[in-house]
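See structure below.
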Amino acid sequence: MTQNKQNILLVDDLKENLQVLDKILSNHGYKVRKTLDPETALLACQSSQPDLVILDIRMPKMDGYTVCQRLKSNLLTSDIPVIFISALNDVLDKVKAFQVGGADYVSKPFQEEEVLARVKHQLLLKQQRKNLEAEIKKRQKKEEELQQEIFRHQQTTEILYQSRAFISSILNHSLDGIAALEAVRDPKTGNIEDFRCLLVNPVIANILDRSKDQLIGKILFKRIVSRIDPYLISKVVEVVETGHSFKEDFYYKTEHQEAWYHVIAVKLGDGVSLTIRDVTERKLLELQLSHANKELKNLAIVDGLTQLKNRFYFDQRFEQEWRRCMRESQHLALIMCDVDYFKSYNDTYGHPMGDECLKQVADVIQGIIKRPSDLAARYGGEEFILLLANTSLEGALRIAESVRQGVEVLRIPHERSPISPHVTLSCGVATMIPTLDALSGTLLYMADQALYEAKNRGRNQVV
5 MTQNKQNILL VDDLKENLQV LDKILSNHGY KVRKTLDPET ALLACQSSQP
55 DLVILDIRMP KMDGYTVCQR LKSNLLTSDI PVIFISALND VLDKVKAFQV
105 GGADYVSKPF QEEEVLARVK HQLLLKQQRK NLEAEIKKRQ KKEEELQQEI
155 FRHQQTTEIL YQSRAFISSI LNHSLDGIAA LEAVRDPKTG NIEDFRCLLV
205 NPVIANILDR SKDQLIGKIL FKRIVSRIDP YLISKVVEVV ETGHSFKEDF
255 YYKTEHQEAW YHVIAVKLGD GVSLTIRDVT ERKLLELQLS HANKELKNLA
305 IVDGLTQLKN RFYFDQRFEQ EWRRCMRESQ HLALIMCDVD YFKSYNDTYG
355 HPMGDECLKQ VADVIQGIIK RPSDLAARYG GEEFILLLAN TSLEGALRIA
405 ESVRQGVEVL RIPHERSPIS PHVTLSCGVA TMIPTLDALS GTLLYMADQA
455 LYEAKNRGRN QVV
């Protein structure tokens, strides 16, 4: 049993449901509080905030939608994720659950793996949101400090010629690179050809891998800068000619270092002052945050066990494809698949082997769909669903049969199956051309009924 510090509040008017959920979550180390009364739940959330609320939709005194709305309208409880539970299968009820602020939903009767997966997913999202907010605040603070430093250095450059001795002392102890450059012009045209280095501090000398003596008084800015960025010299010239300063980040790589620098150029007489700060740490942090955001987005739409898309993502794509096929008067097909006698398989071989079985079935399904627009998702437990746009009934049946045969070819032993010594799959197929008069739930219902009929006829077949 994994020890978890997160605490979860269960709200349901039926003690039986509370007992089932309490057992599932407590066995996995979660701290669980329970209440039958919605008003008590609201007070409990304010006095001692839970990490997650699992909330029944249908309750006599106050329904779950109202409870969720009151939680989300209160600043103290608005960030608590809410997972709805309900025996309802109506798509509109699930849509309403998301509209009032619900994060996810679980259908009764409960499947332990699904409950744990959705709870873990929401707690992970909440923790990552907190981490991201903390990183953003940290970055904002660093940016403010950077702006303050920039302002101080700009003030320093304004008094450069008034007290060279004083400025030299400051420059030599600055953490940023600072330099003053004088424009070198063509005597005939007056155009800037290069820049002479009037002043440079040790930081810039170190960045350019040269000594101060090799830089001060020399006309080699154009040659050095062209190695960093060919366009930087033209931007510095523009600062001198227009008086408009610039601030940009530049990537610089040599044999000895690889770094990002934030460069500020400000007009100074017939030349410029440069302030250069090493922002490699900030850039790396941005890359890490970008990677974390991608992972966070992936976690929100991918089933952790099978790596197929999850039901939440399927619901979104299904509505999009429904509207698109309606506009284009194209067929939209659904294939619902269910692993035959999977409970018996789990009881016989154990849940780890059951998970491995589902992964292999998912690999077969993913390997059969070819078009980028096709979607395979884990619909729940041992059930999978395929969404096929612009696909006729005949085409959908061929794909469903390929999936069924592909699972048979795996020859995963299933000694408790009454129909085969190996794991098999039942598939229900439905297609229709969406219209304004039809609801998307109709197609889901048709596919579900086809799957039911496949099971009724003996399983291991496509209907």
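Following our numbering, the numbering of the sequence shown begins with 5 at its first residue and continues without gaps. C-beta atoms are modelled at their ideal positions from N, C-alpha and C, and glycine is treated no differently. Being a predicted model, the structure only gives us computed values, none of them experimental.
Here residue 331 is exposed, its C-beta having fewer than 16 other C-beta atoms within 10 Å.
In the structure shown, the three-state DSSP call for residue 61 is coil.
Counting every other CB atom within 10 Å of its CB across the protein chains shown gives residue 391 a total of 16 or more, marking it as buried. The straight-line gap separating the alpha-carbon atoms of residue 98 and residue 109 is approximately 8 Å. Contact between the region 405-414 and the region 361-378 is present, with at least three C-beta pairs closer than 8 Å.
Unbroken beta strand (DSSP E) stretches of 3 residues or longer found wholly inside the region 64-115: 86-90, 108-111, given in chain order. About 7 Å separates the CB atoms of residue 129 and residue 303; that is less than 8 Å, so the two are in contact. Looking at the backbone, the Cα of residue 137 and that of residue 150 are separated by about 20 Å. When only Cα atoms are considered, residue 22 and residue 63 end up about 13 Å apart.
Going by DSSP, residue 321 is part of the alpha helix (DSSP H) stretching over 315-332. For residue 36 and residue 180, the gap between their C-alpha atoms comes out near 53 Å. The Cβ atoms of residue 338 and residue 429 lie no closer than 8 Å to each other. With respect to the 8 Å criterion, residue 352 and residue 412 are not classified as neighbours on the basis of their beta carbons. A direct Cα-to-Cα measurement between residue 359 and residue 401 gives close to 27 Å.
Within the DSSP bridge table, the entry for residue 186 names 200, 275 as partners. The criterion of a C-beta distance shorter than 8 Å is satisfied by residue 416 and residue 364. The three-state secondary structure of residue 255, taken from DSSP, is strand. Annotated three-state conformation of residue 371 is helix, per DSSP. Between residue 49 and residue 25, the gap from beta carbon to beta carbon reaches 8 Å or more. Membership of residue 403 in the alpha helix (DSSP H) is indicated by the continuous run 397-414. Measuring C-alpha to C-alpha distances from residue 113 to each of 156, 47, 20, 466 identifies 20 as the nearest. For residue 417, the secondary structure class from DSSP, reduced to helix, strand or coil, is strand. Looking at 70, 89, 398, 106, the one whose alpha-carbon comes closest to that of residue 83 is 106. Assignment of residue 428 by DSSP, reduced to helix, strand and coil, places it in the coil class.
CA-CA distance, residue 78 to residue 53, rounds to 12 Å. In the three-state reduction of the DSSP assignment, residue 286 falls in the helix class. The DSSP-derived three-state label of residue 11 is strand. Counting every other CB atom within 10 Å of its CB across the protein chains shown gives residue 308 a total below 16, marking it as exposed.
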